[in-house]
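Following: one structure in structure tokens, then a few remarks.
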Amino acid sequence: MNFPILSSLILLPLLGALFIFFSKSKSNTHLTSKYLALFVSFTNFILSLYLWYLFDPSTAEFQFLEEQSWIKGFINYKVGIDGISILFIILTAFITPLCVVSVNSTVKYRLKDFLVAILVMESLMIGVFCSLDLVIFYLFFEGGLIPMFLIIGIWGGERRVYSAFKFFLYTLLGSVLMLVAIISIYWFTGSTDITYLYNLGIDEKYQYLLWLAFFSSFAVKTPMWPVHTWLPDAHVEAPTAGSVLLAAILLKMAGYGFIRFSVGLFPVASEYFIPLIYILSLIAIIYTSLVALMQEDMKKLIAYSSVAHMGFVTLGIFTFTQQGLEGSIFQMISHGLVSAALFLSVGVIYERMHTRLISNYGGLVSVMPKYAIVLMVFTLGAVGLPGTSGFIGEFLILIGAFKKSFLVAAIASIGVILSAAYMLWLYKRVVFGEIKKNEIKKMPDLNRAEVLILSFLVLPIVFFGFYPEPLLNTTETSIENLIEMYNININSNLVENK
464 MNFPILSSLI LLPLLGALFI FFSKSKSNTH LTSKYLALFV SFTNFILSLY
514 LWYLFDPSTA EFQFLEEQSW IKGFINYKVG IDGISILFII LTAFITPLCV
564 VSVNSTVKYR LKDFLVAILV MESLMIGVFC SLDLVIFYLF FEGGLIPMFL
614 IIGIWGGERR VYSAFKFFLY TLLGSVLMLV AIISIYWFTG STDITYLYNL
664 GIDEKYQYLL WLAFFSSFAV KTPMWPVHTW LPDAHVEAPT AGSVLLAAIL
714 LKMAGYGFIR FSVGLFPVAS EYFIPLIYIL SLIAIIYTSL VALMQEDMKK
764 LIAYSSVAHM GFVTLGIFTF TQQGLEGSIF QMISHGLVSA ALFLSVGVIY
814 ERMHTRLISN YGGLVSVMPK YAIVLMVFTL GAVGLPGTSG FIGEFLILIG
864 AFKKSFLVAA IASIGVILSA AYMLWLYKRV VFGEIKKNEI KKMPDLNRAE
914 VLILSFLVLP IVFFGFYPEP LLNTTETSIE NLIEMYNINI NSNLVENK
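Numbers in the working numbering are just positions in the sequence shown, counted from 1, shifted up by 463.
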């Protein structure tokens, strides 16, 4: 195929953002900008589905390769996808138009600039999942911080400046070591081409420090305990669309990085640091679930639940089993859908009541029955009820964990119980009980735009809960190849040590 479909997916939102940014100010600019952003993002989503249609899941080779020399002899613009990366591209392209539709009621000023930031973020996030050069990956990976920093800092809540700088400093400082590691890899091997490095293999004596350098960046962005404290603040202060992008896509970039780089490039070091990952993942699952139980702010509760769910993801990745890795990818896709849905749901009632405190709600089922139904679906998806996408990912991860360690899997299983506790308790306090405030009696149910947005999220959460095959079939061959490469590297290392 000669058409540069991946570059088109990366550049189309960026071109749309530039067009919106330089458009002349008129009385109907906001409306025009929104329709243009929606058209661009929806077109990109259709293009991503076409990419999935063209994708061949029977091979583990990178497909739709594009390569162009950028800095001659040093950096090449190289992009391509396999079964691990394509689903994240589709998720990004799916979530973005929903964010664009949602801004009508959530962004009160500088709407045009906000839409520009969203489209630029989409370009950068898709670039992360396409990159097959370490330097290009790093530029996309870190570039995504800038529009998110602006989204929180300009359109956020009262403590937006503090939260924006905390988000930026945590995530940027974690990535400085990764940049040093990338320069070191080029120094050792003479290349930053990921496919070349996969075939070459990196010397074991360098792997441990390089793994820790990449880990310093991915752990912050996942986020893993104890470097997770920026996330609740960022979520609470970010506007609804910002929280959706942060939870649904930005966190997944680090999970993807663990699979693509930590496991793919440094298998010996990954094997060595398994106990560290298990300990941090289990603490994240149990500790942040308990913290979530104590929250009075709905956004903060969902933010802490995200840390717990990403703890399952890192646990599954480092089981190095087919079920664990497939479950981790499935869990990231599912969490992207469910977390986006939950933050949008909180935004719906926040726009009506202007408070996120759980204690101010109660009895919504009486005045907002449609809202109560869709929120129930999203809550059950977060809990991991069979029949929702949340169940498939957690189930596969726990199977992979049981294969490696009964104790680790048993402790992780407690997190499933705790997630049911804090999510169902949240639902009970918000939806059921007596109506505590007169303002609630006047709250209108979901309007057409809200029904449209939330319905688009209900469908995949339920569909993939009953029929996960499309996602699992897409990732299967690539994961089998990754595990095979991993085992070959570990076994050859054991032979050399003997």
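All residues carry an ideal CB built from backbone N, CA and C; glycine is no exception.
Query raised in the report: Buried or exposed: which applies to Y750, given that a residue is buried once 16 or more other Cβ atoms fall within 10 Å of its Cβ?
Result: Taking the sequence shown and counting its residues from 1, one reaches residue 750 at position 287. By the neighbour-count rule (16 or more Cβ atoms within 10 Å), Y750 is buried.
Query raised in the report: Alpha carbon to alpha carbon, how far is N491 from S565?
Result: Against the sequence shown, residue 491 aligns to sequence position 28. Against the sequence shown, residue 565 aligns to sequence position 102. Its pLDDT being 49, under 50, N491 is placed unreliably in this model, and the value from its coordinates should be taken loosely. Their Cα atoms are separated by approximately 18 Å.
Query raised in the report: Do you know offhand how far V830's Cα is from S941's?
Result: Mapped onto the sequence shown, residue 830 falls at position 367. Mapped onto the sequence shown, residue 941 falls at position 478. Those two C-alpha atoms are separated by around 48 Å.
Query - Enclosing beta strand (DSSP E) for F527 [first to last residue] - result: On the sequence shown, position 64 is the one that residue 527 refers to. Element bounds for F527: 526 to 534.
Query raised in the report: Leaving out the 5 sequence neighbours to the left and right, which residues in its chain are closer than 7 Å to T685 when beta-carbon positions are compared?
Result: Walking along the sequence shown from the start, residue 685 turns up at place 222. Here the set comprises L714, A717, G718, M773, T777.
**Report entry** Whole-angstrom distance between S868 and I742, CA atom to CA atom
**Finding:** Taking the first residue of the sequence shown as 1, we reach residue 742 at position 279. Taking the first residue of the sequence shown as 1, we reach residue 868 at position 405. Cα to Cα, I742 sits roughly 12 Å from S868.
Report task. Take the Cβ of F775 as the centre, count every other Cβ of all protein chains shown within 10 Å, and call the residue buried at 16 or more, exposed below. Result -> Counting from one through the sequence shown, the residue named residue 775 turns up at place 312. Burial call: buried.
Requested in this report: Could you tell me which residues DSSP puts in a beta bridge with S594?
Outcome: Taking the sequence shown and counting its residues from 1, the one referred to as residue 594 is at position 131. Looking at the DSSP assignment, S594 forms a beta bridge with V542.
Query raised in the report: What is the rounded straight-line gap between the Cα of F841 and the Cα of W650?
Result: Residue 841 sits at position 378 when you count from the first residue of the sequence shown. Residue 650 sits at position 187 when you count from the first residue of the sequence shown. In a straight line, the C-alpha of F841 is about 48 Å away from that of W650.
Query raised in the report: D656 by DSSP, collapsed to three states: which one?
Result: Here residue 656 refers to the residue found at position 193 of the sequence shown. In this structure, D656 counts as strand in the three-state DSSP scheme.
**Report entry** CA nearest to the CA of L469, picked from I860, S548, T495
**Finding:** Taking the sequence shown and counting its residues from 1, one reaches residue 469 at position 6. Looking at the Cα atoms, S548 is the closest of the given residues.
Query raised in the report: Terminal residues of the continuous alpha helix (DSSP H) containing A701?
Result: Stepping through the sequence shown from its first residue, residue 701 is reached at position 238. Looking at the DSSP string, A701 is not in any alpha helix (DSSP H), and its letter there is neither H nor E.
Query raised in the report: If you run the structure through DSSP and keep just helix, strand and coil, what is D760?
Result: Here residue 760 refers to the residue found at position 297 when the sequence shown is read from its first residue. Strand.
Query raised in the report: Should the region 779 to 793 be called in touch with the region 695 to 713, which here means at least 3 C-beta pairs below 8 Å?
Result: no
Query - Range covered by the alpha helix (DSSP H) that runs through L870 - result: Locating residue 870 in the sequence shown gives position 407, counting from the first residue. 869 to 894 is the extent of the alpha helix (DSSP H) around L870.
Query raised in the report: How long is the line joining the alpha carbons of L708 and W888, rounded to whole angstroms?
Result: The residue given as residue 708 occupies position 245 in the sequence shown. The residue given as residue 888 occupies position 425 in the sequence shown. If you take the alpha carbons of L708 and W888, they lie about 26 Å apart.
**Report entry** Under 9 Å between C-beta atoms of I648 and T655
**Finding:** Here the question's residue 648 lines up with position 185 in the sequence shown. Here the question's residue 655 lines up with position 192 in the sequence shown. It is a contact, given that the beta carbons lie within the stated cut-off.
Requested in this report: Give the single residue among S486, V542, V563 whose Cα lies nearest to the Cα of F508.
Outcome: By 1-based counting over the sequence shown, the position of residue 508 is 45. Residue V563 is the option with its Cα nearest to F508.
Query raised in the report: Just curious, the alpha helix (DSSP H) that T851 is in, first and last residue?
Result: By 1-based counting over the sequence shown, the position of residue 851 is 388. Here T851 belongs to no alpha helix (DSSP H), and DSSP marks it neither H nor E.
Query raised in the report: Buried or exposed: which applies to Y516, given that a residue is buried once 16 or more other Cβ atoms fall within 10 Å of its Cβ?
Result: To locate residue 516, count along the sequence shown from 1; it is residue 53. Classification of Y516: exposed, given that the 10 Å Cβ count is below 16.
Query raised in the report: By Cβ distance, which residues of its chain are closer than 7 Å to N944, with the 5 residues on each side in sequence left out?
Result: Position 481 of the sequence shown, counted from the start, is the residue given in the question as residue 944. If we look at N944 and ignore the five residues flanking it on each side, its Cβ neighbours are A523.
Query raised in the report: Going by beta carbon distance, what residues of the same chain come within less than 6 Å of V583, once the five residues before and after it are set aside?
Result: Locating residue 583 in the sequence shown gives position 120, where the first residue counts as 1. So the qualifying residues of the chain are A480, P610.
Query raised in the report: What span of residues does the alpha helix (DSSP H) with S822 cover, start to end?
Result: Residue mapping note: residue 822 aligns to position 359 of the sequence shown, counting from 1. Looking at the DSSP string, S822 is not in any alpha helix (DSSP H), and its letter there is neither H nor E.
Requested in this report: Report the rounded CA-to-CA distance for S471 versus C593, giving the unit in angstroms.
Outcome: Translated into positions along the sequence shown, residue 471 becomes position 8. Translated into positions along the sequence shown, residue 593 becomes position 130. Spanning the two alpha carbons is a distance of roughly 12 Å.
Query - Extent of the continuous alpha helix (DSSP H) run through F482 - result: Counting from 1 along the sequence shown, the entry for residue 482 is found at position 19. Start and end: 468 to 485.
Requested in this report: State the Cα-Cα distance for the pair V598 and G810, rounded to the nearest angstrom.
Outcome: The count along the sequence shown starts at 1 and reaches residue 598 at position 135. The count along the sequence shown starts at 1 and reaches residue 810 at position 347. In a straight line, the C-alpha of V598 is about 37 Å away from that of G810.
Query - Any beta strand (DSSP E) of 3 or more consecutive residues that is wholly inside the region 612 to 691 - result: none
Query raised in the report: Secondary structure at N491, three-state DSSP: helix, strand or coil?
Result: Looking up residue 491 in the sequence shown gives position 28. Because the pLDDT at N491 is just 49, under 50, the model does not fix this residue reliably, and the point stays unresolved.
Query raised in the report: Is DSSP giving P520 helix, strand or coil here?
Result: Your numbering for residue 520 matches position 57 in the sequence shown. The answer is coil: DSSP assigns P520 none of H, G, I, E or B.
Report task. Inspect the beta-carbon positions of I615 and F603 and report whether they are closer than 9 Å. Result -> As a position in the sequence shown, residue 615 is number 152, starting the count at 1. As a position in the sequence shown, residue 603 is number 140, starting the count at 1. Contact: no.
Query raised in the report: Going straight from the alpha carbon of D545 to that of L632, what length do you get?
Result: Mapped onto the sequence shown, residue 545 falls at position 82. Mapped onto the sequence shown, residue 632 falls at position 169. If you take the alpha carbons of D545 and L632, they lie about 32 Å apart.
Query raised in the report: Would a C-beta distance cut-off of 9 Å place L974 and E759 closer than the cut-off?
Result: Nothing about residue 974 can be reported from this structure: the residues present for the chain run from 464 to 961 only.
Report task. Could you say which of A883, F537, D596, L512 lies nearest to L764 if we only look at CA atoms? Result -> Taking the first residue of the sequence shown as position 1, residue 764 is located at position 301. When each option's Cα is compared against that of L764, the closest is A883.
Query - Member of I553, F484, S532, N465 whose CA lies at the smallest distance from the CA of T937 - result: Position 474 of the sequence shown holds residue 937. Of the candidates I553, F484, S532, N465, the one whose C-alpha sits nearest the C-alpha of T937 is I553.
Query - Reduced DSSP category for P907 - H, G, I as helix; E, B as strand; rest coil - result: For this step, residue 907 is matched to residue 444 along the sequence shown. Looking at P907 - three-state DSSP - the assignment turns out to be coil, as it is neither helix nor strand.
Query raised in the report: Using the rule of at least 16 other Cβ atoms within 10 Å of the residue's Cβ for burial, across every protein chain shown, is K891 buried or exposed?
Result: By 1-based counting over the sequence shown, the position of residue 891 is 428. Label assigned to K891: exposed.
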